[in-house]
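Here my numbering = 1-based position in the sequence shown + 740. Glycine included, C-beta positions come from ideal geometry on N, C-alpha and C. Note sheet for the following structure.
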Amino acid sequence: MDGTTGTAWFDCLQLETDKVANRYNIIANSDFDQTSSSLPVDWTRSATCGSSDIVINSASSGKPSNQSLNRMQLTGNMGAVKTVEQTLSLAGNAGDVYVFGAWGKGRSVPLTGSSSAKFAIELGFINGASEEWKTLSFNEDSSYWQYVSGAAKASAAYTSIKIRLNYSYNANTAEFDAIQLFKEAFGSDYSYDSNGNITQQKSSDGTSTSASYTSNNLTSLTLPNGQGYTYTYDSKHNPLTATSASGIGFAMTYDSYGNATSVKEGNDTTYIRNQASYSSNGNYLTGMTDPFDNVTSYSYNTTKGTLSSTTLPNNQVTNYTYDANTDLLTGVSAVNDGVTYQNTYSYLNNSLLSGITHTAAGGNVSYSFEYNPLGWRTATKVGSQSLLSTTYEQSGGRYTGKVLKDVYGNGQEVSYDYDSDNRITGVRMNGTLRYVYA
């Protein structure tokens, strides 16, 4: 304050290392950089913690580079509670959603089948003697640094929140760092019935979609705008109708194999309909009839299950040929106004498409494709003219998976910048930085 009188309050101060503002982390001393006699400020250890349950700062292999060396160490004891927790003066109501998470590393005993061993971060909604806890367990099979994150939804009003790092009734040691807590949901929140069906999807903007079921069949769906659909089914759980509140919807019929034979869109008096027919064994689609009664038919090599030909409503036939050993498509041909049009396909190692030749009255056009040893496409050409060439990064003779640049047939070059996590941070056009991601 400068040049004024009165009282002002400040909170949630942030200093960002990048170009965007992140969500505010409610946890105090979340990285354990503030200590007193090797104990973390703003955190409380359980009474059974000892001299080795402290903040340590020695080098740690695999620890994320953007974190300090400080982290909380808890030494396991198969007969003792080992926790460190922080109480936050946050009050709220049922339905509040928090997202919490942490980095952890440990040599835990198996957690499965044990009612006591813990290697987790926990969030508790506290209201007097009432406590509601959400637990996120780390993977006990890994001894490397790992990250867990999840959401907790309050089922009742609460007067405070606790965040707890728990390594109780365990062996060896565990380390924790970068504890996070945000009062908001990321993405969407889902509710389920006892059969695992989604009954509600609530977005972070407060809008929701709800659903109801009968015998695990979706029978109604209500959208955020209040509109919705109702559904009916046959005895085999095939949907028969889907109807909106205005009476517009869909009606479906099926054969004895469960293949859809007709789909009608509209109402009882005004509608459009598409129909389908199948082989006698129900395995192959043999015909499609559009709303104008135009029929497209299909024939197959039933021994191999490949499509042999397609006949359009104007009787134009398209034929398909395949490799006798691999069943890869080798040719597509059709005759239109007395002119034969044909595409032929070739492959590398019986898998990667290496060439396409288009034959028509005006001559042939050939496309070719080249690959690196991992099967990643490196070049696309028409004749001898390059359309696109792609360069991948190599380190120690191995491909890292990063695309360094794409060069197009007109000479334009697009190259990419990456951060230490192999995420694209910049796109360059002919060497000039055009787009930045943060």
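For this session: Just list the alpha helix (DSSP H) runs in the region 760-794, keeping only unbroken ones of 4 residues or longer that don't cross its boundaries, in chain order.
Result: Listed in chain order, nothing qualifies, since the region 760-794 has no complete alpha helix (DSSP H) run of 4 or more residues.
For this session: Answer yes or no: do Gln826 and Ala748 have a C-beta to C-beta separation smaller than 8 Å?
Result: Within the sequence shown, numbered from 1, the residue matching residue 826 stands at position 86. Within the sequence shown, numbered from 1, the residue matching residue 748 stands at position 8. Remark: C-beta atoms of Gln826 and Ala748 do not approach each other more closely than 8 Å.
Problem set entry | Three-state class that DSSP yields for Trp873 in the structure shown | As a first step, residue 873 is located in the sequence shown; it is residue number 133 there, counting from the start. Reduced to three states, the DSSP call for Trp873 is strand.
Exercise. If you drop the 5 nearest sequence neighbours on each side, which residues of the same chain put their C-beta closer than 7 Å to that of Asp1030?
Worked result: Your numbering for residue 1030 matches position 290 in the sequence shown. Spatial neighbours of Asp1030 in its own chain (CB-CB distance under 7 Å, excluding positions within 5 residues in sequence) are listed in chain order as Asn1014.
For this session: Just confirm the distance between the C-beta atoms of Thr970 and Ala951, as a whole number of angstroms; I'd bet it's less than 8 Å.
Result: Numbered from 1 along the sequence shown, position 230 holds the residue referred to as residue 970. Numbered from 1 along the sequence shown, position 211 holds the residue referred to as residue 951. Thr970 to Ala951, Cβ: 11 Å. No contact.
Exercise. Is it true that the CB of Ser856 sits closer than 8 Å to the CB of Ser908?
Worked result: The sequence position of residue 908 within the sequence shown is 168, counting from 1. The sequence position of residue 856 within the sequence shown is 116, counting from 1. Going by C-beta atoms, Ser908 is nearer than 8 Å to Ser856.
Problem set entry | Spatial distance of Asn765 from Ser808 (CA atoms) | Along the sequence shown, one-based indexing puts residue 765 at 25. Along the sequence shown, one-based indexing puts residue 808 at 68. Roughly 17 Å between the two C-alpha positions.
For this session: Could you spell out where the beta strand (DSSP E) holding Asp1157 opens and where it closes?
Result: Here the question's residue 1157 lines up with position 417 in the sequence shown. Glu1153 to Tyr1158 is the extent of the beta strand (DSSP E) around Asp1157.
For this session: Report yes or no: do the region 803-823 and the region 910-924 share at least 3 C-beta pairs separated by less than 8 Å?
Result: Counting Cβ pairs under 8 Å, three or more are found: they touch.
Exercise. What residue range is occupied by the uninterrupted beta strand (DSSP E) comprising Lys1145?
Worked result: One-based indexing of the sequence shown puts residue 1145 at position 405. Note, Lys1145: beta strand (DSSP E), Arg1138 to Tyr1148.
For this session: Would you grab the beta carbon distance between Thr993 and Thr983 for me? Rounded to a whole angstrom, and I think it's under 8 Å.
Result: As a first step, residue 993 must be located in the sequence shown, where it is residue number 253. As a first step, residue 983 must be located in the sequence shown, where it is residue number 243. In this structure, Thr993 and Thr983 do not form a Cβ contact; the two beta carbons are roughly 16 Å apart against a cut-off of 8 Å.
For this session: On the DSSP bridge assignment, give the partners of Asp929 in chain order.
Result: Position 189 of the sequence shown holds residue 929. In the DSSP output, where bridge partners are listed per residue, Asp929 has Lys942.
For this session: For Leu809, name the three-state secondary structure that DSSP assigns.
Result: In the sequence shown, the residue the question calls residue 809 occupies position 69. When DSSP states are grouped into helix, strand and coil, Leu809 belongs to the coil group.
Problem set entry | Which of helix, strand or coil DSSP assigns to Met818 | Locating residue 818 in the sequence shown gives position 78, where the first residue counts as 1. Met818: coil per DSSP, three-state reduction.
For this session: Locate the beta strand (DSSP E) running through Thr993, then write down its first and last residues.
Result: Within the sequence shown, residue 993 is the residue found at index 253, counting from 1. Note, Thr993: beta strand (DSSP E), Gly989 to Tyr994.
For this session: Less than 8 Å between the CB atoms is what I'm expecting for Lys942 and Asp933, so what's the real figure, rounded?
Result: Counting from 1 along the sequence shown, the entry for residue 942 is found at position 202. Counting from 1 along the sequence shown, the entry for residue 933 is found at position 193. With a contact defined as Cβ atoms closer than 8 Å, Lys942 and Asp933 miss out at about 15 Å.
Problem set entry | Exposure label - Arg904; buried when at least 16 CB within 10 Å | As a first step, residue 904 must be located in the sequence shown, where it is residue number 164. Buried, since its Cβ has 16 or more Cβ neighbours within 10 Å.
For this session: Can you tell me which of Asp782, Ser770, Met818 and Lys822 puts its alpha carbon nearest to the alpha carbon of Ser792?
Result: What you label residue 792 is simply residue 52 of the sequence shown in a count that begins at 1. Of the candidates Asp782, Ser770, Met818 and Lys822, the one whose C-alpha sits nearest the C-alpha of Ser792 is Lys822.
For this session: Just confirm the distance between the C-beta atoms of Ala842 and Asn906, as a whole number of angstroms; I'd bet it's less than 8 Å.
Result: Residue numbering aside, residue 842 sits at position 102 when the sequence shown is read from its first letter. Residue numbering aside, residue 906 sits at position 166 when the sequence shown is read from its first letter. Actually they do not touch by this definition, with Cβ atoms about 11 Å apart.
For this session: Return the bridge partner residues of Arg1013 from the DSSP annotation.
Result: Mapped onto the sequence shown, residue 1013 falls at position 273. Lys1004.
For this session: Identify, in the order they occur along the chain, each residue of the same chain with its Cβ nearer than 7 Å to the Cβ of Tyr1087, setting aside the five sequence neighbours on each side.
Result: As a first step, residue 1087 must be located in the sequence shown, where it is residue number 347. In its chain, beyond the 5 residues on either side, Leu1068, Leu1093 and Ser1094 have a beta carbon closer than 7 Å to the beta carbon of Tyr1087.
For this session: Just grab the DSSP bridge partners of Trp843 for me.
Result: Position 103 of the sequence shown, counted from the start, is the residue given in the question as residue 843. BP columns for Trp843 point to Tyr887 and Asp917.
Exercise. Leu863: buried (16+ other C-beta within 10 angstroms of its C-beta) or exposed?
Worked result: In the sequence shown, the residue the question calls residue 863 occupies position 123. By the neighbour-count rule (16 or more Cβ atoms within 10 Å), Leu863 is buried.
Problem set entry | Cβ-based neighbour list, Thr784, same chain, cut-off 8 Å, excluding 5 preceding and 5 following | As a working note, residue 784 is residue 44 in the sequence shown. These residues qualify, in order along the chain: Val824, Glu825, Gln826 and Thr827.
Problem set entry | Among Gly1006, Tyr887, Ala894 and Ile794, the one whose alpha carbon lies nearest that of Pro780 | As a position in the sequence shown, residue 780 is number 40, starting the count at 1. Nearest in C-alpha terms to Pro780, of all of Gly1006, Tyr887, Ala894 and Ile794, is Ile794.
For this session: Counting only runs of 3+ residues fully inside the region 1065-1115, write out the beta strand (DSSP E) ranges in chain order.
Result: Residue ranges of uninterrupted beta strand (DSSP E) with 3 or more members, entirely inside the region 1065-1115 and ordered along the chain, are 1069-1076, 1079-1088, 1092-1100 and 1103-1111.
Exercise. With a CB to CB cut of under 7 Å and the five nearest residues on each side skipped, what residues in its chain are close to Thr1070?
Worked result: Along the sequence shown, read from residue 1 onward, the residue named residue 1070 stands at position 330. Answer for Thr1070: Thr1061, Tyr1062, Asp1063, Thr1084 and Tyr1085, listed in chain order.
Problem set entry | Helix, strand or coil at Asn1034 [DSSP, three-state] | Position 294 of the sequence shown, counted from the start, is the residue given in the question as residue 1034. The three-state secondary structure of Asn1034, taken from DSSP, is coil.
Problem set entry | Chain-order list of residues whose beta-carbon lies under 7 Å from that of Asp771 (same chain, five-residue window excluded) | Locating residue 771 in the sequence shown gives position 31, where the first residue counts as 1. Residues Gln807, Ser808, Asn810, Asp917 and Ala918 of the same chain have their beta carbon placed closer than 7 Å to that of Asp771, with the five preceding and five following residues left out of the count.
Exercise. Can you tell me the Cα-Cα spacing of Asp1008 and Ile988, whole angstroms?
Worked result: Mapped onto the sequence shown, residue 1008 falls at position 268. Mapped onto the sequence shown, residue 988 falls at position 248. If I take the Cα positions, the gap works out to 9 Å.
Exercise. Roughly how many angstroms lie between the CA atoms of Ala831 and Thr788, to the nearest whole one?
Worked result: Reading the sequence shown from its first residue, position 91 is the one you call residue 831. Reading the sequence shown from its first residue, position 48 is the one you call residue 788. Inter-residue distance for Ala831 and Thr788 is about 29 Å (C-alpha atoms, whole angstroms).
Problem set entry | Burial state of Ala894, where buried means 16 or more other Cβ atoms lie within 10 Å | The residue you call residue 894 lines up with position 154 of the sequence shown. Flag for Ala894 reads buried.
Exercise. Which residue's Cα is closest to the Cα of Ile1164: Val1147, Asn1170 and Gly1141?
Worked result: Mapped onto the sequence shown, residue 1164 falls at position 424. Nearest C-alpha to Ile1164: Gly1141.
For this session: Label Asp751 either buried or exposed according to how many other C-beta atoms from any shown protein chain fall within 10 Å of its C-beta, with 16 as the threshold for buried.
Result: To locate residue 751, count along the sequence shown from 1; it is residue 11. So Asp751 counts as exposed.
Exercise. Taking C-alpha atoms, which residue in Ala1100, Asn1055 and Tyr997 lies nearest to Asn1023?
Worked result: As a first step, residue 1023 is located in the sequence shown; it is residue number 283 there, counting from the start. Cα-wise, what sits closest to Asn1023 is Tyr997.
Exercise. Are the beta-carbon atoms belonging to Asn833 and Ala897 less than 8 Å from one another?
Worked result: The count along the sequence shown starts at 1 and reaches residue 833 at position 93. The count along the sequence shown starts at 1 and reaches residue 897 at position 157. Yes; because the gap between Cβ atoms is below 8 Å, this pair is in contact.
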